[in-house]
Every structure is written in structure tokens, then in C-alpha cells.
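In my numbering, the protein residues as written are 680 to 1399.
Right, here's the structure in full:
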């Protein structure tokens, strides 16, 4: 590789050689097994290469190395005559059993870095030294590199797309007599470049191709962060097979999926925005520049519900007794990191009114029947875009489903279902057309990392090699999840811009920005440059991209504009009301235990949740609050029943003043609000109070097995 990777845990490598070849579509066919905590099956990748990828003939120089700088070792196919599986009725487990006849052992002999410790037992593919000349002589085989971690890769094969019935329509020949690599790649090229209006046909042929038989196993190897695949004699990306199938399984400890229990105690699994995104769920191209579509079939026990970030409202298909299959797809090209799946005993929350109108709206607005009268020029690659559908542009509330654990059914029915429609309508009024035709909302388990989805994932973080690989600085540092200061500053920057420009001007710009850049990858510079170009000169007031970056994004501390805003905010009506209440509580706290008879009781105003947060933050600044004051606070505002933000400040007060009667509230918060609770662990340990440290250790022991991995690592360092 032509860049130096920091081997420490803080740096996250993006290994895929996206400059040479790009994945255009994934087809996943997976089984979810809760007993073994493994997801297994196949993934078929459809590629597109082009002249811009051929600047270097092959990518051997960038990727042909192992961590010990030894010669690359690739698994070569054994003479194997496994029966061809009829993949139209494919079961991944059946496929594995067929393949096991070639010599795969029953035990997972994978080593920690992802390589098979005993290749002959692991996959029926023996290991052979494959010398890689790192010089650019144009004689080496092309090396496909995919981002991959914590996966057991069993087999890689080329897919014979020419065997799909009717596929000859994508060739120049009415009948396929002689099938060559060039012909198969031509078929894939024609398939991935079909016009957007033929998206349904395209998905059908993708599915057919994914079920086609294999036509030759490919050499492959894995290291800690990548899966490397080559075909002997294919020296360029153009020559490399453009449709390949990978047989693989996840590992229980894989960092892209979390096996846990929901709030009702039932088993579930979900993907998380972990530092390694989805590379421990399926081999993929991680850099965001690798925009692709996908379709997935997931099988699980019939008692489970499978949810995915798909565009269709999937329903289960009953298979053999006790099992069901779910199918989702996406027609908008997106980064692989946006693929999500959650499987659990979720219950769908339905409003009391009939949903037939919503379902009718979904059918009428389906891209397959959309009237594509172009209402503007889109800057993205072609796909069935809702911004070009006049009916979709006026749809304020898109069809949506809400899922939750059984124990939260009442709360969702009472509160959440009523909030979703006005929120969708408000988003439409501010930003315009909803980019997706539907929405699924899931109440995630308590251990879901609240900032997990905010992980940095930029196209260019540090040096980017000619192959397209790069490094995310500090991407693997578990503490970074809890130090997302730049996201907070970004929020306040947007607030500052709205106040400087005025809501009407600012929101009009946001709507135009979304319409201009939907479906594209954009940078902060793009946003700020367009903003300044679209506001009158008199409103810019010395604003420029350079000084905004300097003051808000590149300097530490609180920017001066934000400090001035804080001072002004302290004078607003709601804040002044809180200040008056703070003074009352300070007076209450100063009173002696026995009051005079004529002394009037304080009358406290009712406060909004945000005001309660501000009130408790002010009271945290007090050196001492006696137990009577804390007890009165709890009763006056019913603090244990407030939202997590309020309860977090309440727990901080409990810890600071060692209010032992309310330690149960701290214990509840640490177990039910695990992501936010990390900060409380620090408070408990820094107090150097034996009882508080005992609370911290007891709660951690109760939750560590269900806790998000990054959170658990950070807390363990605090406690031990």
C-alpha cells in the first residue's frame, strides 16, 4: 500500500481500492441465528470499472502486503465437484452443506485477524503462496480490495450471469453460444447502467443474476481490515469479473452488529453506527464515494420482525415451519455505511385510524408508477428520484410504521404515534420533498449508543492513496464517541447563521440547498459557499467561508459569537423565569431546619423540560444543597419521571451532594440510559466515595454484557 497506516487502535483504515473499481449494487441473502449469534449467507457484488479506474494497471503496489510484510498468500481452489445449488430456492445453510463436502471442518478455526488458521478445514480451499511483485510492470493480476473485518469468509466465486434466462437482451447477440469473461462483464455493464425508469426490471435481473450458478472460484485472502480477491490472468479492473459471490458468516464479537435484549427482555440484534460501520456485517467498499444500491433477503424465526433501511414496506413470507423471510431494496445509490438492519420481537404500533389511505398513497407514489415530468435538473447520478415526481413534492406526510418492544406499547400509542405526522409535516415545510417514499421508526434497546451514528466518515480524512484507500484519524478511539464537540459546535453554527440571516432567508436557503444537492455527497465548504452566494450583500456582515472555518471549525473553545448569544439568551423571558426560580431554591436551601411560623412558603412556577435542565445546571454550581432541598426538588418537579436530559442533571446533583436516598435513580439511569450514563460513571468514581464507587461497579457488572462495546471499554478504564 502506498500510505503508511498507524497500527494503533485510534486510526481506522478504509482499504477498498475505489479508484479502480466501484460496487454498483449488492444482493444479500442472509440467515439470522440467535442461538449462535451469527448471521450467515451470501453477498453478490456487481461492479463497474472505467477509464478513470485504469490509471494504474492493477492495484498490486497498494495492497499486496501483509502486516508482517511477507509475500501475499492466497487461497487457491481445490479440485472440487460440489453439486450446483438451485439458488432460486436457495438456503444459505444448504449451500454451506454442499460446500462442506469439499472439506470444510465444523469448527470455526479463524484466527483473530480474520485469516483461517487452518484453511483446509476452514473452507475447503487450501493455502498457497502467491508471490506479488510490487513493481508496476503491468504483468501482475488485478487485486480487488474490499473493506472487511470480523468476518469468516468461506468461498469467493465468479457468477455466471450469462446463465440467467432472458439475459441475452443485454448483449448484441440474440443467442448466447460462446460465453466469455468479456461477455459476462458486458452484461453486468448493461445491467448497472439501465435507465432509472427501468428500476423494477433492473432489480429483478439483479435477483436473477445473484441466483445464477458460479463459474469458477476466485483466489482470496483476508487480513485484519480487508478481503483481497484476484483472478489469475485478470490484469486490470476491466478484465476482473464484474459479478462475484462471497460466502461468509459474521462473528458474535463482530463490531458492526450488537446482539442484546430489548426493554422487554427479548433477544434482538441491530447494526450500529460503530467506528467500523458495516464491514463486520458484509464485505463492502466503505469510502462514501462508493455509492451503491442494494437489495436483501433476510430469514429468521417467524417470531421475529426484520426491519431494514429499505424503500419498500416489507412483509414476511412464511417459509418452512417456524421461519419467515423478509425482502427490502433501495434504488437510491448511497454509501454502504447507511445499510441498517434490526431483528427482534418488535410490535408494530398502529394508530386507531385506518391506514388504508396511507397505503394507497404509498402505492400511488411508488417509483414504478411515477409520472416523471422533470421539474428541474438533478446533479446526482440517475435513479428514480422523488424530486422529479410532482406528486411526491407535495406529499407532506410519507407512509410510516412504528415498531417497539411489547412493554413500550402503551407509551408509544399514547405519545409517539401522535408526534410522527406533525414532525414529518414540519420537515417537509422547511426542507421540501422527502427523499424517501416511506419510513420505519424503531424504539431501539437501552444500550444503543446515542452518538454512535455520529461517527466521522469522510471521503478524505488524512492522506488518500491513488487506489482510493485512506485513513480516518482517531476512528477507533472509543472515547471519541463521547467527545463529539465538533457536532455540537456545528449545531450552534447553524443556529448562529439562522439568527444572523433571519429565519425566512435561512430556511429558504436550506430548502434550495436540499433541492440542489439531494442524492450527492457534499462538504461543509459546499454548504457555506452556496449560503453566502444566496444571501444579500448587506446580510453577509463580513461572513466568509474562511472566517467561519477559522472561528467555528478549526479553533478550540466557544466561539465569540456563541458567547455573545449565551449572554443575550440569559436575558430572554424563559431564561429569566428560570433565574427567578433558582433564587427561590437558593433561599430555601439557606433556611434553617425549623422555620418561623410567619415565614411564607415559596411558590414555584411550572417549568418546561428545557427550563428544568437549565435550572438544575444552575443548581449544580451551588457548593452545597442539603437533603431537604434535594427532596423538595424531586417532589416539586417529579424529577424521576422526566426525560433523560433532565434526569441526567438530577443524577449529577445526587452524586455531587451524596444524596443517598436517591441512589436508586442513579442506578436506574445507568441501566436504562447506558449511552448517557457513561458520564455518570466518571462522576461516581471521581468522588472517591466508597459507596458511590460501589454503585458504579455494581451497575457495570449488571449491564456490561449488554452495553455498547465502546461504552464498556471507556467505563472499564474508569472503574478498574
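Positions of the beta carbon are idealized from the N, C-alpha and C atoms, including for glycine.
Please read all numbers here as calculations on a predicted model, not as lab measurements.
Given a cut-off of 8 Å, decide if residue 705 and residue 718 are closer than it, judged by their beta-carbon atoms.
-> Counting from 1 along the chain shown, the entry for residue 718 is found at position 39. Counting from 1 along the chain shown, the entry for residue 705 is found at position 26. No, the pair does not count as a contact, with Cβ atoms beyond the cut-off.
Specify, as a first and last residue, the run of the alpha helix (DSSP H) that residue 846 falls within.
-> Locating residue 846 in the chain shown gives position 167, counting from the first residue. Premise fails: residue 846 is in no alpha helix (DSSP H) and is neither H nor E.
Residue 1123, DSSP secondary structure in three states | In the chain shown, the residue the question calls residue 1123 occupies position 444. Per DSSP, reduced to three states, the secondary structure at residue 1123 is coil, with no helix or strand assignment.
Residue interval of the beta strand (DSSP E) (run including residue 1013) = Working through the chain shown from its first residue, we reach residue 1013 at position 334. If you look at residue 1013, you'll find it in the beta strand (DSSP E) that goes 1002-1013.
Report the option in 994, 963 and 945 whose CA atom is closest to the CA atom of residue 977.
-> One-based indexing of the chain shown puts residue 977 at position 298. The candidate whose alpha carbon is nearest that of residue 977 is 994.
Do you know how far the Cα of residue 987 is from the Cα of residue 1311?
-> By one-based count along the chain shown, residue 1311 stands at place 632. By one-based count along the chain shown, residue 987 stands at place 308. Residue 1311 and residue 987 have their alpha carbons spaced roughly 46 Å apart.
Residues near residue 1336 in its chain [Cβ-Cβ closer than 6 Å; skip 5 each side] | As a position in the chain shown, residue 1336 is number 657, starting the count at 1. Taken in chain order, the residues that qualify are 1304.
Residue 924 vs residue 838 beta-carbon contact at 8 Å = By one-based count along the chain shown, residue 924 stands at place 245. By one-based count along the chain shown, residue 838 stands at place 159. Going by C-beta atoms, residue 924 is nearer than 8 Å to residue 838.
Should the stretch 1066-1076 be regarded as contacting the stretch 1103-1123, the criterion being three or more beta carbon pairs within less than 8 Å?
-> Output reads yes: the stretch 1103-1123 touches the stretch 1066-1076.
State the Cα-Cα distance for the pair residue 917 and residue 860, rounded to the nearest angstrom.
-> As a working note, residue 917 is residue 238 in the chain shown. As a working note, residue 860 is residue 181 in the chain shown. C-alpha separation (whole angstroms): 10 Å.
Rounded C-alpha distance that separates residue 1238 from residue 1297 | Reading the chain shown from its first residue, position 559 is the one you call residue 1238. Reading the chain shown from its first residue, position 618 is the one you call residue 1297. So the two alpha carbons sit approximately 22 Å from each other.
The alpha helix (DSSP H) with residue 1100 in it runs from where to where?
-> Translated into the one-based positions of the chain shown, residue 1100 becomes position 421. Element bounds for residue 1100: 1096-1110.
Could you give the DSSP three-state label for residue 1057: helix, strand or coil?
-> Within the chain shown, residue 1057 is the residue found at index 378, counting from 1. DSSP, read as helix, strand or coil, puts residue 1057 in coil.
Starting from residue 1258, trace the alpha helix (DSSP H) both ways and give me its first and last residue.
-> For the purposes of this step, residue 1258 is taken as residue 579 along the chain shown, with counting starting at 1. Run containing residue 1258: 1252-1269, per the alpha helix (DSSP H) assignment.
Tell me whether residue 697 is buried or exposed, calling it buried when 16 or more other Cβ atoms sit within 10 Å of its Cβ.
-> Along the chain shown, read from residue 1 onward, the residue named residue 697 stands at position 18. By the neighbour-count rule (16 or more Cβ atoms within 10 Å), residue 697 is buried.
Any idea if residue 1119 is buried or exposed, counting beta-carbon neighbours within 10 angstroms, 16 or more meaning buried?
-> Start at 1 with the first residue of the chain shown, and residue 1119 comes out as number 440. By the C-beta density criterion, residue 1119 is buried, having at least 16 other C-beta atoms within 10 angstroms.
Rounded separation between residue 960 and residue 1287 - CA only = By 1-based counting over the chain shown, the position of residue 960 is 281. By 1-based counting over the chain shown, the position of residue 1287 is 608. About 42 Å.
According to DSSP, is residue 998 helix, strand or coil?
-> Counted from its first residue, the chain shown places residue 998 at position 319. In the structure shown, residue 998 sits in coil (DSSP, three-state: anything other than H, G, I, E or B).
Is the beta carbon of residue 1352 less than 8 Å from the beta carbon of residue 1395?
-> As a working mapping, residue 1352 is identified with position 673 in the chain shown. As a working mapping, residue 1395 is identified with position 716 in the chain shown. Using a Cβ distance threshold of 8 Å, residue 1352 and residue 1395 do not count as a contacting pair.
Return the first residue and the last residue of the alpha helix (DSSP H) that residue 1298 is part of.
-> For the purposes of this step, residue 1298 is taken as the residue at position 619 of the chain shown. Per DSSP, residue 1298 belongs to the alpha helix (DSSP H) from 1288-1299.
Name the two residues that bound the continuous alpha helix (DSSP H) containing residue 827.
-> Against the chain shown, residue 827 aligns to sequence position 148. Unbroken run through residue 827: none, as it is neither H nor E.
Kindly indicate which three-state DSSP category residue 940 falls into: helix, strand or coil?
-> The count along the chain shown starts at 1 and reaches residue 940 at position 261. Reduced to three states, the DSSP call for residue 940 is strand.
For residue 1315, does the three-state DSSP call read helix, strand or coil?
-> One-based indexing of the chain shown puts residue 1315 at position 636. Of the three classes helix, strand and coil, the one that applies to residue 1315 here is helix, per DSSP.
Contact under 8 Å by Cβ, residue 1389 with residue 1101 | Taking the chain shown and counting its residues from 1, the one referred to as residue 1389 is at position 710. Taking the chain shown and counting its residues from 1, the one referred to as residue 1101 is at position 422. The Cβ atoms of residue 1389 and residue 1101 lie no closer than 8 Å to each other.
Can you give the Cα-Cα distance for residue 1367 and residue 1251, rounded to whole angstroms?
-> The residue given as residue 1367 occupies position 688 in the chain shown. The residue given as residue 1251 occupies position 572 in the chain shown. One C-alpha to the other measures close to 39 Å.
Which residues mark the beginning and the end of the beta strand (DSSP E) in which residue 1149 is found?
-> For the purposes of this step, residue 1149 is taken as the residue at position 470 of the chain shown. Residue 1149 -> beta strand (DSSP E) spans 1149-1151.
Taking residue 954 and residue 691 to be in contact with their CB atoms under 8 Å, please state how far apart those CB atoms are, rounded to whole angstroms.
-> Numbered from its first residue, the chain shown carries residue 954 at position 275. Numbered from its first residue, the chain shown carries residue 691 at position 12. With a beta-carbon spacing of about 6 Å, residue 954 and residue 691 fall inside the 8 Å limit used to define contacts.
Alpha carbon of residue 1180 to alpha carbon of residue 1229, nearest angstrom | In the chain shown, residue 1180 corresponds to position 501, counting from 1. In the chain shown, residue 1229 corresponds to position 550, counting from 1. The alpha-carbon atoms of residue 1180 and residue 1229 are separated by roughly 20 Å.
What three-state label does DSSP hand residue 1064 in the structure shown?
-> On the chain shown, residue 1064 is found 385 positions in, with the first residue counted as 1. Residue state for residue 1064 is assigned as coil, using DSSP reduced to three classes.
Helix, strand or coil: how does DSSP classify residue 992 here?
-> The residue labelled residue 992 in the question sits at position 313 within the chain shown. Three-state DSSP puts residue 992 in coil, outside helix and strand.
Taking one C-beta from the stretch 926-943 and one from the stretch 871-883 each time, how about it: are there three or more such pairs within less than 8 Å?
-> Too few Cβ pairs lie closer than 8 Å, so no.
Coil, strand or helix - residue 912 by DSSP = What you label residue 912 is simply residue 233 of the chain shown in a count that begins at 1. Three-state DSSP puts residue 912 in coil, outside helix and strand.
On the three-state DSSP scale, how would you describe residue 857?
-> For the purposes of this step, residue 857 is taken as the residue at position 178 of the chain shown. DSSP, reduced to helix, strand and coil, places residue 857 outside both helices and strands of the structure shown, so it counts as coil.
Cβ distance (whole Å) where residue 979 is taken to contact residue 711 below 8 Å | What you label residue 979 is simply residue 300 of the chain shown in a count that begins at 1. What you label residue 711 is simply residue 32 of the chain shown in a count that begins at 1. Right, the Cβ-Cβ distance comes to about 4 Å (below 8 Å), so this counts as a contact.
Quick one: residues in its chain with C-beta nearer than 7 Å to the C-beta of residue 905, no 5 flanking neighbours on either side, listed in chain order?
-> What you label residue 905 is simply residue 226 of the chain shown in a count that begins at 1. Answer for residue 905: 694, 824, 825, 826 and 827, listed in chain order.
Member of 1191, 1215 and 1175 whose CA lies at the smallest distance from the CA of residue 1227 = Here residue 1227 corresponds to residue number 548 of the chain shown, with the count starting at 1. For residue 1227, the nearest C-alpha among the options comes from 1175.
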